[in-house]
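K.L.:
Sequence lines, in order, name chains A and B.
When the letters of the first sequence are read in order and numbered with this note's numbering, they come out as residues 6 to 117.
When the letters of the second sequence are read in order and numbered with this note's numbering, they come out as residues 21 to 515.
We treat Cβ as the ideally placed atom computed from N, Cα and C, and that holds for glycine.
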Amino acid sequence: MESLIIILVGVLTTVAIYLVLSKNVVRVILGTAILSHAVHLLILSMGGLKLGTVPLLGEEAESYVDALPQALILTAIVISFAVTAFILVLAYRAYQELGTDNLGAMRGSDDE
Amino acid sequence: MMNNILVLPMLLPIIIGVVLIFLRTYGRIQAWISLTAMAVTAGISFYLLYAIQADGIIRLDFGGWEPPFGILFVADSFAVLLVLTSSIVTTICLSYALISTSKELQTMYFYPTVLFLAAGVNGSFLTGDLFNLFVCFEVMLLSSYVLLTLGNSKRQLREAIKYVSINIVSSWFFLVALAFLYGTVGTLNMAHVAERVAEVGQTPLLTTISIVFLVVFSLKAGLLLYFWLPGSYSSPPVVTSALFGALLTKVGVYALFRVFSLIFYHQPEITHTLIGVMAGLTLIGGSLGAIAFNDIRSIAAYNVIIAVGFMLAGLAISTPAAIEGAIYYFIHDMVAKALLFLLVGTMITLSGTSKMAGMSGLMKNYPLLGWSFFITMLSLAGIPPLSGFIGKVLIAGAAIDSGSYLLLALALISSIFVLYSLLRIFKNCFWGETIVSKEEQLPLRRGVLLPCLALVLLTIGIGLGIEGLAPYVATAAETLLDPGIYIDAVLGIIE
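#1: Cβ closer than 8 Å: which chain B residues qualify as neighbours of R98(A)?
#2: Just to confirm before moving on: does the CB-CB distance between L439(B) and M383(B) stay below 8 Å?
#3: Excluding the 5 residues flanking F66(B) on each side, which residues of the same chain have their C-beta closer than 8 Å to its C-beta?
#4: What residue from T293(B), L31(B), A310(B) and Y129(B) has the CA that sits closest to S422(B)'s CA?
#5: May I ask which residues mark the beginning and end of the beta strand (DSSP E) holding R112(A)?
#6: Of all the CB atoms in chain B, is at least one closer than 8 Å to the CB of A81(A)?
#7: Once you ignore the five residues that flank L198(B) on each side, which residues in its own chain have a CB closer than 8 Å to its CB?
#8: For the putative contact between A62(B) and L114(B), defined by C-beta atoms under 8 Å, what is the C-beta separation to the nearest angstrom?
#9: Which full runs of the alpha helix (DSSP H) of 4+ residues lie inside the stretch 210 to 298 of chain B, going along the chain?
#10: Taking C-beta pairs closer than 7 Å, name the residues in chain A that Y165(B) reaches, listed in chain order.
#11: Alpha carbon to alpha carbon, what distance is there between S191(B) and A327(B)?
#12: What residues in its chain sit with their C-beta under 7 Å from that of L13(A), if we drop five residues either side in the sequence?
#13: Spatial neighbours of V212(B) within its chain, please: CB distance less than 6 Å, with the 5 preceding and 5 following residues excluded, ordered by chain position.
#14: Three or more beta-carbon pairs under 8 Å between the stretch 245 to 252 of chain B and the stretch 302 to 319 of chain B, yes or no?
#15: Could you say which of G408(B), H286(B), I351(B) and T366(B) lies nearest to P224(B) if we only look at CA atoms?
#16: Quick check: is the beta carbon of F200(B) nearer than 8 Å to any beta carbon in chain A?
#17: Under 8 Å Cβ-Cβ, which residues of chain B neighbour I39(A)?
#18: From Q461(B) to M379(B), what distance separates their C-alpha atoms?
#19: Would you mind listing the beta strand (DSSP E) stretches within the stretch 426 to 487 of chain B that are 3+ residues and don't spill past its ends, in chain order?
#20: List the residues of chain A that S185(B) touches, going by C-beta distances under 8 Å, in chain order.
#21: With 8 Å as the threshold, decide whether the Cβ of A87(A) is near any Cβ in chain B.
#22: Assuming the contact rule is C-beta atoms closer than 8 Å, A356(B) and T260(B) should be a hit. Round their C-beta distance to whole Å, please.
#23: Only counting the same chain, and skipping five residues up and downstream in sequence, which positions put a Cβ closer than 8 Å to that of L363(B)?
#24: Against chain B, does L77(A) count as a neighbour if the rule is that its beta carbon must be under 8 Å from one of theirs?
#25: Please list, in chain order, the residues of the stretch 202 to 215 of chain B that have any C-beta partner in chain A closer than 7 Å.
#26: Is any non-hydrogen atom of the ligand GDP found closer than 7 Å to the C-beta of G485(B), if you look at the structure I gave you?
#27: Quick one: using the 10 Å Cβ neighbour count with 16 as the cut-off for buried, is E124(B) buried or exposed?
#28: Looking only at its chain, what residues have a beta carbon closer than 6 Å to the beta carbon of V70(A), apart from the 5 residues adjacent to it on each side?
#29: If you measure between the beta carbons of Y253(B) and A299(B), is that distance less than 8 Å?
#30: Closer than 6 Å by C-beta to A262(B): which residues in its own chain qualify, once you throw out the five before and the five after it? Chain order, please.
#31: Checking 8 Å against the spacing of the C-beta atoms, do F277(B) and L335(B) come in under that value?
#32: By the three-class DSSP mapping on this structure, what secondary structure does K28(A) have?
#33: In whole angstroms, what is the alpha-carbon distance linking L40(A) and K28(A)?
#34: Please report the distance separating the alpha-carbon of G485(B) from that of A497(B).
#35: Taking 8 Å as the CB-CB cut-off, is A197(B) touching chain A?
#36: Tell me which same chain residues have a C-beta within less than 7 Å of the C-beta of V159(B), skipping the five on either side of it?
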């Protein structure tokens with residue numbers, strides 16, 4: 006199960022890197038969103054995947070899922086949500102002001 | 021529980037920041053409240069520093085969850101020295117904002133955002149948990165995104181997109197490193213990680229993870245991976261760039277010091293050599309940048325990069341003297357960089373241009389500004405008795421003792437480049453023919469120079485009062501060099 010998830014993480018990361026490297030701002034933002042999903046899956050699989058158990062800590066429990074990665078991912082999801090919201094608004098404002106969504110045109114020149 | 025006070029340097033700015041959001045239209049009231057909050061934070065950290073010197077490291081387990089199970093704050097002398105300095109510098113920058121900032125900026129949530137930034141910075145210094153470090157980094161970064169875009173000029177928006185994107189990618193690397201570390205050692209409490217790494221030995225896998233951490237923190241600190249820095253530090257308003265120059269890169273440098281002295285110190289021939297090489301290249305790149313530009317804000321931004329290279333040269337050498345020197349330099353650089361950016365910003369406001377060619381003979385009209393800049397220049401170049409001297413001497417001495425002659429040469433030559441780049445500004449902008457007559461000159465608003473003078477006094481004060489600072493820095497260096505002290509303070513009761 007872990008190997009499957011890791012392959013999925015690899016595929017997502019590949020897709021994300023392809024998007025991040027494009028020149029269109031919206032594609033870059035979508036790329037960063039997928040990038041964060043990939044790493045969340047990575048954290049989840051690092052805690053070990055066990056089927057059909059719950060994160061319950063009892064003295065007699067035979068098996069339980071490590072709850073910490075889930076807590077970590079929850080925090081990371083909230084943060085990436087906030088950052089994605091921010092950069093979307095930023096990209097919109099930048100498009101309004103600069104009149105372009107092409108990163109190549111945002112290099113900046115000396116005459117400013 | 022006296023150690024509950026430990027949460028205040030992070031909690032106080034957050035609470036006050038939230039309150040200030042509701043006082044949006046009252047710019048001056050916001051300014052005074054935030055000033056008071058940061059001054060109180062500075063007072064608290066001063067008390068903490070004193071308490072640590074007397075009783076050793078203080079820790080606070082949130083919710084009573086004992087380490088390694090809960091999140092905790094750990095205050096050792098190194099962290100608290102930095103909290104103290106950053107709180108003082110933030111207070112002074114806020115007072116500059118109170119005096120000089122335009123009305124629009126004052127009512128656009130500027131002060132709450134600065135307080136959130138301070139909370140993130142202080143939290144990053146104090147936390148004892150790697151994931152919590154990530155969260156505090158994000159608090160700081162989100163505030164910095166907002167601060168960078170406040171003002172809404174085209175250039176700011178353009179630079180903000182680059183800055184935000186690069187930081188999202190570096191945060192992604194941080195999470196990757198955390199995931200692999202958790203998968204390998206099964207804990208994220210710094211002291212616990214350090215203990216486990218020491219037990220199993222730093223295997224090649226752990227060394228690789230440490231290099232991912234190195235990449236993350238280097239991106240944040242501007243160590244070698246500084247390509248994003250000059251643009252984003254030279255576009256926002258004066259106060260914001262002063263805060264960025266003083267605080268943001270320092271948090272990355274702090275994280276490097278913490279991680280590579282507490283956890284990954286078993287393979288110095290790989291990690292510390294790599295840091296040394298990166299520091300050397302940073303010194304070269306920063307020096308070239310500092311003399312290559314005519315825009316005085318870019319020159320100031322490249323000076324930040326040189327300082328980062330210099331501090332990490334101290335970490336690469338990692339002898340007691342080098343670490344002590346780096347800590348002195350850390351404190352000095354926060355004060356001096358804030359001062360440099362405030363002065364440069366004031367010069368730009370007065371002359372209406374950031375190009376050296378557009379300024380000349382400012383000395384005649386604004387002598388106090390000129391001499392403040394002169395002292396800043398000497399302090400950054402490391403001329404005694406100012407604050408930059410002791411750090412440079414200690415690191416240079418340690419480099420000689422450990423035989424790192426290449427780093428020594430680069431560190432000393434970069435100091436000459438710092439001096440030259442600032443001397444160029446001083447000569448072109450302050451000397452020369454005064455192109456603006458006495459009648460035409462923009463009046464320097466009364467009080468604008470007061471925060472700058474406070475920082476000038478601070479840099480002179482640190483230089484002259486080094487004896488008073490020495491015992492605290494010695495304790496901080498001792499803790500950094502002996503991870504056992506930190507680990508015992510965190511896990512002592514359980515083991």
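P.N.:
In short, the structure shows the following:
#1: Translated into positions along the first sequence, residue 98(A) becomes position 93. By Cβ distance, chain B contributes T169, N172 and L177.
#2: Counted from its first residue, the second sequence places residue 439(B) at position 419. Counted from its first residue, the second sequence places residue 383(B) at position 363. Contact: no.
#3: Residue numbering aside, residue 66(B) sits at position 46 when the second sequence is read from its first letter. Correct list, in chain order: L104.
#4: Here residue 422(B) refers to the residue found at position 402 of the second sequence. The shortest C-alpha separation from S422(B) is found at T293(B).
#5: Reading the first sequence from its first residue, position 107 is the one you call residue 112(A). That residue, R112(A), is in no beta strand (DSSP E); it is neither H nor E in DSSP.
#6: Here the question's residue 81(A) lines up with position 76 in the first sequence. It does; some Cβ of chain B falls within 8 Å.
#7: Mapped onto the second sequence, residue 198(B) falls at position 178. Excluding positions up to five away in sequence, the list reads L150, F151, F154 and L208.
#8: As a working note, residue 62(B) is residue 42 in the second sequence. As a working note, residue 114(B) is residue 94 in the second sequence. Going by Cβ atoms, the distance from A62(B) to L114(B) rounds to 11 Å, so no, they are not a contact pair.
#9: 210 to 220, 224 to 241, 249 to 253, 258 to 263 and 269 to 278
#10: As a position in the second sequence, residue 165(B) is number 145, starting the count at 1. By Cβ distance, chain A contributes F91.
#11: For the purposes of this step, residue 327(B) is taken as the residue at position 307 of the second sequence. For the purposes of this step, residue 191(B) is taken as the residue at position 171 of the second sequence. Going by the C-alpha atoms only, they are around 23 Å apart.
#12: Here residue 13(A) is taken as the residue at index 8 of the first sequence, counted from 1. Result list for L13(A): L46, in chain order.
#13: Within the second sequence, residue 212(B) is the residue found at index 192, counting from 1. The residue asked about is misnamed: residue 212(B) is His in this sequence, not Val. So the qualifying residues of the chain are P88.
#14: yes
#15: Along the second sequence, read from residue 1 onward, the residue named residue 224(B) stands at position 204. Taking only the C-alpha atoms, the option nearest P224(B) is H286(B).
#16: Numbered from 1 along the second sequence, position 180 holds the residue referred to as residue 200(B). Taking Cβ atoms only, chain A reaches closer than 8 Å to F200(B), which makes this a yes.
#17: Along the first sequence, read from residue 1 onward, the residue named residue 39(A) stands at position 34. Within 8 Å Cβ-Cβ: nothing; I39(A) doesn't reach chain B, min ~10 Å.
#18: Residue mapping note: residue 461(B) aligns to position 441 of the second sequence, counting from 1. Residue mapping note: residue 379(B) aligns to position 359 of the second sequence, counting from 1. In a straight line, the C-alpha of Q461(B) is about 12 Å away from that of M379(B).
#19: none
#20: For the purposes of this step, residue 185(B) is identified with residue 165 of the second sequence, where counting begins at 1. Near S185(B) (Cβ distances below 8 Å), the residues of chain A are V25, V33, T37 and I92.
#21: Locating residue 87(A) in the first sequence gives position 82, where the first residue counts as 1. Interface residue, yes.
#22: As a position in the second sequence, residue 356(B) is number 336, starting the count at 1. As a position in the second sequence, residue 260(B) is number 240, starting the count at 1. Actually they are not in contact, since the Cβ atoms of A356(B) and T260(B) sit about 18 Å apart, beyond 8 Å.
#23: Counting from 1 along the second sequence, the entry for residue 363(B) is found at position 343. Correct list, in chain order: L389, S392, F393, T396 and C472.
#24: If you number the first sequence from 1, residue 77(A) lands on position 72. Output row for L77(A): interface = yes.
#25: Y202 and G203
#26: Of ligands this structure carries none, so the ligand GDP is not represented either.
#27: Reading the second sequence from its first residue, position 104 is the one you call residue 124(B). E124(B) is exposed by the Cβ-count criterion.
#28: Against the first sequence, residue 70(A) aligns to sequence position 65. Excluding residues within five positions, the ones whose Cβ falls inside 6 Å are K55, T58 and P60.
#29: Taking the first residue of the second sequence as position 1, residue 253(B) is located at position 233. Taking the first residue of the second sequence as position 1, residue 299(B) is located at position 279. No, Cβ-Cβ distance for Y253(B) and A299(B) is not below 8 Å.
#30: Looking up residue 262(B) in the second sequence gives position 242. If we look at A262(B) and ignore the five residues flanking it on each side, its Cβ neighbours are C113, A358, F361 and L362.
#31: Position 257 of the second sequence, counting from 1, holds the residue named residue 277(B). Position 315 of the second sequence, counting from 1, holds the residue named residue 335(B). In contact: F277(B) and L335(B) (Cβ atoms closer than 8 Å).
#32: The count along the first sequence starts at 1 and reaches residue 28(A) at position 23. K28(A) falls in the coil class under three-state DSSP.
#33: By 1-based counting over the first sequence, the position of residue 40(A) is 35. By 1-based counting over the first sequence, the position of residue 28(A) is 23. The alpha-carbon atoms of L40(A) and K28(A) are separated by roughly 17 Å.
#34: Residue mapping note: residue 485(B) aligns to position 465 of the second sequence, counting from 1. Residue mapping note: residue 497(B) aligns to position 477 of the second sequence, counting from 1. Distance between the alpha carbons of G485(B) and A497(B) is about 19 Å.
#35: If you number the second sequence from 1, residue 197(B) lands on position 177. Judged by the 8 Å Cβ criterion, A197(B) is not in contact with chain A.
#36: Start at 1 with the first residue of the second sequence, and residue 159(B) comes out as number 139. These residues qualify, in order along the chain: F136, A139, G140 and G143.
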